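S.K.:
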Ligand SMILES: [Zn+2]
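Numbering (the working numbering), first residue to last: 8 to 325.
1) Look at residue 196 and residue 111 and say whether their C-beta atoms are less than 8 Å apart.
2) Compute the beta-carbon to beta-carbon distance between residue 101 and residue 42, rounded to the nearest angstrom, for a pair I have assumed lies under 8 Å.
3) Kindly provide the chain-ordered list of residues whose Cβ lies closer than 5 Å to any non-hydrogen atom of ligand 1.
4) Quick test of your reading: residue 124 and residue 74, contact by CB under 8 Å. State the CB separation rounded to the nearest angstrom.
5) Cα separation between residue 24 and residue 166?
6) Run through DSSP, which three-state label would residue 314 get?
7) Nearest-angstrom Cα distance between residue 15 and residue 237?
8) Within 8 Å, do at least three Cβ pairs link the segment 240 to 257 to the segment 203 to 219?
9) If you draw a straight line from the alpha carbon of residue 277 to that of residue 194, how long is it in whole angstroms?
10) For residue 107, count the other beta carbons within 10 Å of its own beta carbon; 16 or more makes it buried, fewer makes it exposed. Which is it?
11) Consult DSSP for residue 243 and reduce its assignment to one of helix, strand or coil.
12) Would you kindly report the start and end of the unbroken alpha helix (DSSP H) that includes residue 276?
13) Whole angstroms are fine: how far does the CA of residue 138 sit from the CA of residue 147?
14) Do you know whose CA, among 151, 11 and 77, lies nearest residue 90's CA?
15) So what does DSSP say about residue 160, is it helix, strand or coil?
16) What span of residues does the beta strand (DSSP E) with residue 98 cover, start to end?
17) Determine the DSSP secondary structure at residue 62, reduced to helix, strand or coil.
18) Measure how close the beta-carbons of residue 132 and residue 170 come, nearest whole angstrom, since I'm counting them as under 8 Å.
19) How big is the Cα-Cα spacing for residue 151 and residue 191?
20) State whether the segment 286 to 296 contacts the segment 252 to 271, with contact taken as three or more CB pairs (one from each stretch) at a distance under 8 Å.
21) For the beta strand (DSSP E) that residue 24 lies in, which residues bound it at each end?
22) Please report the straight-line C-alpha distance between residue 311 and residue 272, rounded to a whole angstrom.
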């Protein structure tokens, strides 16, 4: 009874399988078309009337469960020939219908399991889109949605990640610098997902992350050598230099300005809501505009003539 050492447990299935004839040369991931747990799906296959089984089951939580032992041919792919050569793996969907997504945890476990199988049987995983590759899928042999659009779209990535660490291809390994740049460009996901994928591909997560932080730090520091005042930027916005709508917001943010503060100034500058000097002078007397240099700054920024208003204030108080 052979299983990968990666399994979290097993439900040995002997009632729905046959002895293999020949060597194991392929891997065939399927989707469950549902979100059963790994163990639950294995037990269902063993105990139900359905004439179906698989060598492994992967849950949305990433659990890997053994079913039909590897030395037996499971009944999974509607093809005696394929299943005879393949280790078959049922993967849980994280949601039902649509493109039949699977969780990142399930995908990460699939990577690990495929890598382990490839190493033990000397398989080089290849995705050709048809049954000639060593990575095959159910819809090559029957009219079925399996393995679902999402999982199938991940096959090229799966092949890349599984092969990335095989001893036969050490040359293709990229430098920490290159990988860090890919991380910044979003190619390796985020958080735990990123960590798992980097590890599965044979990279040192901490080294890569340190490089990412260094690169991001370098970028941020010299971004704005001479930052202009909000007032100057607001005037530039009015002059059309910063574009419009979301584009403007993005550009302001990217350059280190607060889009809301700038917009408030723009509105102020363009506003027909400008009050009369008389009204502002009354507000000054009521204390709404502060004192001294602060008052002068605020009045000037709001587009008022400080001296004219101060003259009115003096007259009123005089
Ligand atoms: Zn299938």
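A virtual CB, placed ideally from N, CA and C, is assigned to each residue, including glycine.
These numbers were taken from a predicted model, which means no experiment stands behind them.
M.R.: Short version:
1) Yes.
2) That pair is a contact at about 6 Å.
3) One residue list follows from the rule of a beta carbon closer than 5 Å to any heavy atom of ligand 1, given in chain order as 37, 145 and 153.
4) That pair is no contact at about 14 Å.
5) One Cα belongs to residue 24, the other to residue 166, and the distance between them is close to 27 Å.
6) Correct three-state label for residue 314: helix.
7) C-alpha separation (whole angstroms): 58 Å.
8) The way I'd put it, the segment 203 to 219 doesn't touch the segment 240 to 257; fewer than three beta-carbon pairs between them come closer than 8 Å.
9) One alpha carbon belongs to residue 277, the other to residue 194, and they sit about 43 Å apart.
10) Result: buried.
11) Annotated three-state conformation of residue 243 is helix, per DSSP.
12) From DSSP, the alpha helix (DSSP H) with residue 276 extends over 266 to 277.
13) Near 7 Å, if we compare the C-alpha coordinates of residue 138 and residue 147.
14) Minimum Cα-Cα distance from residue 90 among the listed residues 151, 11 and 77 corresponds to 77.
15) Note: residue 160 maps to helix in three-state DSSP.
16) Residue range 93 to 98 is occupied by the beta strand (DSSP E) that includes residue 98.
17) In the structure shown, residue 62 sits in coil (DSSP, three-state: anything other than H, G, I, E or B).
18) About 6 Å separates the two Cβ atoms, so the contact holds.
19) C-alpha separation (whole angstroms): 38 Å.
20) Contact check between the segment 286 to 296 and the segment 252 to 271: fewer than three CB pairs, one atom from each, fall below 8 Å, which does not count as touching.
21) 24 to 26 is the extent of the beta strand (DSSP E) around residue 24.
22) Cα-Cα distance, rounded: 13 Å.
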